[in-house]
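K.L.:
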Amino acid sequence: MKKIAVLLSGSGVFDGSEIHESVLTLLALSRLAVDYQCFAPNISQMHVVNHLTGEVEADESRNVLVESARIARGEILPTDALLIEEFDALIIPGGFGAAKNLCNFATNGSDCEILPLVSLFVAEFAKTNKPVGFICIAPIMIPRLYGEGVVATIGNDTETAQAFNLMGGCHQDAIVEDIVVDEENKIVSTPAYMLAGSIAEASIGIEKLVKKVVEMI
C-alpha cells in the first residue's frame with residue numbers, strides 16, 4: 007500500500023493548519039485507499055489567536071505538535087521521527103501556521119526562512135525524488151525548499167505571487183479548482199482557501215492535488 011506523510015502546523019486557520027484543508031486532504035487519501043501518517047514539528051507556535059475574536063492571546067502559548075494532534079486524533083509523530091523509506095510522498099495543508107510556524111513568511115515576506123526542522127523534513131522527500139503537494143499558502147515555501155525556477159501557485163494574489171517570484175520561483179496564477187504541476191521537481195500546488203469561498207470549493211482542488219500526488223508516486 008502507498009503511504010503518504012501529511013505535515014501539519016497546528017490547529018486552526020489563523021495560527022495553525024487550516025482544519026478544513028487538512029481534513030479534506032486526509033479524506034481524499036482515505037477514499038483512494040492510501041495510508042497516511044501525520045507529522046508536525048515539536049515547537050512552540052509563533053502565537054495563539056482567539057478564533058472567535060481574531061485577537062492574539064498574549065499570555066498563552068501552545069505547542070505545534072500537540073495542537074496538530076487534535077486534527078490527527080492523536081496519531082501524529084514529530085518531524086524528526088521520519089523514516090523516509092516508509093513513505094512515498096508528502097502533502098502540506100495550508101493555514102497561517104504554514105506561514106507562521108513552518109516558516110516566517112507572515113512576518114518577513116520574501117526574506118523569510120524555513121524552520122530548519124521543516125527544511126530537513128521536506129528535503130528527505132526532495133532528494134529521494136518523491137512528490138510533494140502544497141496547499142493554500144504552503145506553496146510560498148517552495149522556492150526556499152527547491153531553489154530557482156520552481157513552478158507553483160498560491161492562486162492569484164498579486165503581492166504573494168510577487169514574493170514567490172522574488173524568492174526565485176516561477177508563479178502561475180490559478181483559480182480555486184486548479185492545480186499546478188512542476189513535473190521536474192514533482193511538486194503539485196493548489197490555491198484552496200487562498201481563493202475558496204466555501205469548503206465545497208476548496209475540496210475540488212484538494213482532491214485533484216491528492217489524486218495527482220498519488221499518480222506521481
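Under the numbering used here, the residues of the sequence shown are numbered 7 to 223, in order.
C-beta: ideal position from N, C-alpha, C; glycine also.
Helix or strand or just coil, what does DSSP make of F140?
P.N.:
F140 falls in the strand class under three-state DSSP.
K.L.:
Given a threshold of 16 other Cβ atoms within 10 Å of its Cβ, counted over all protein chains shown, does N191 qualify as buried or as exposed?
P.N.:
N191 should be labelled buried.
K.L.:
Quick check on this structure: which residue in V138, G101, P122 has the alpha carbon closest to the alpha carbon of K9?
P.N.:
Cα-wise, what sits closest to K9 is V138.
K.L.:
Can you grab the Cα-Cα spacing for the pair L83 / E92, in whole Å?
P.N.:
Their Cα atoms are separated by approximately 13 Å.
K.L.:
Among G155, A78, S17, D184, which residue has its Cα nearest to the Cα of H177?
P.N.:
Of G155, A78, S17, D184, the residue nearest in Cα terms is G155.
K.L.:
Taking Cβ positions, are S15 and S28 nearer each other than 7 Å?
P.N.:
No, they are not a contact pair.
K.L.:
Would the beta-carbon of V219 fall within 7 Å of that of V194?
P.N.:
Yes, the Cβ-Cβ distance between V219 and V194 is below 7 Å.
K.L.:
Roughly how many angstroms separate the alpha carbons of P149 and E66, rounded to a whole number?
P.N.:
Distance between the alpha carbons of P149 and E66: 32 Å.
K.L.:
Can you have a look at T159 and say buried or exposed, based on whether 16 or more other CB atoms are within 10 angstroms of its CB?
P.N.:
Burial call: buried.
K.L.:
Per the contact definition of three or more C-beta pairs closer than 8 Å, is the stretch 199-217 in contact with the stretch 178-190?
P.N.:
As far as the Cβ criterion goes, the stretch 178-190 touches the stretch 199-217, which means the pair count is three or higher.
K.L.:
Extract the residue ranges of the beta strand (DSSP E) inside the stretch 55-95, only unbroken runs of 3 or more that lie entirely within it.
P.N.:
DSSP runs (the beta strand (DSSP E)) wholly in the stretch 55-95: 82-84.
K.L.:
Just reading off the alpha helix (DSSP H) that L32 is part of, what are its end residues?
P.N.:
Segment 25-37, the alpha helix (DSSP H) holding L32.
K.L.:
Check whether the Cβ of A198 lies closer than 6 Å to any heavy atom of the ligand SAH, and answer yes or no.
P.N.:
Absent from the structure shown: the ligand SAH. Ligands present: none.
K.L.:
Considering only their Cβ atoms, is the gap separating A34 from S74 smaller than 7 Å?
P.N.:
Not a contact, by the Cβ cut-off of 7 Å.
K.L.:
Is there contact between the stretch 140-147 and the stretch 98-110, where contact requires at least three CB pairs shorter than 8 Å?
P.N.:
Short answer: they touch.
K.L.:
So with Cβ pairs under 7 Å, would you call M52 a contact of chain D?
P.N.:
In the structure shown, chain D does not exist; there is a single protein chain.
K.L.:
Return the chain-ordered list of same chain residues with a C-beta closer than 7 Å to the C-beta of H57, the five sequence neighbours on each side being excluded.
P.N.:
Excluding positions up to five away in sequence, the list reads G18, F20.
K.L.:
Using a Cβ-Cβ cut-off of 6 Å (strictly less than) and excluding sequence neighbours within five positions of L71, which residues of its own chain qualify?
P.N.:
So the list reads A46, N48, P84, once near-sequence residues are dropped.
K.L.:
From the DSSP output, read off the bridge partner residues of Y42.
P.N.:
Answer by DSSP bridge pairing, in chain order: I10.
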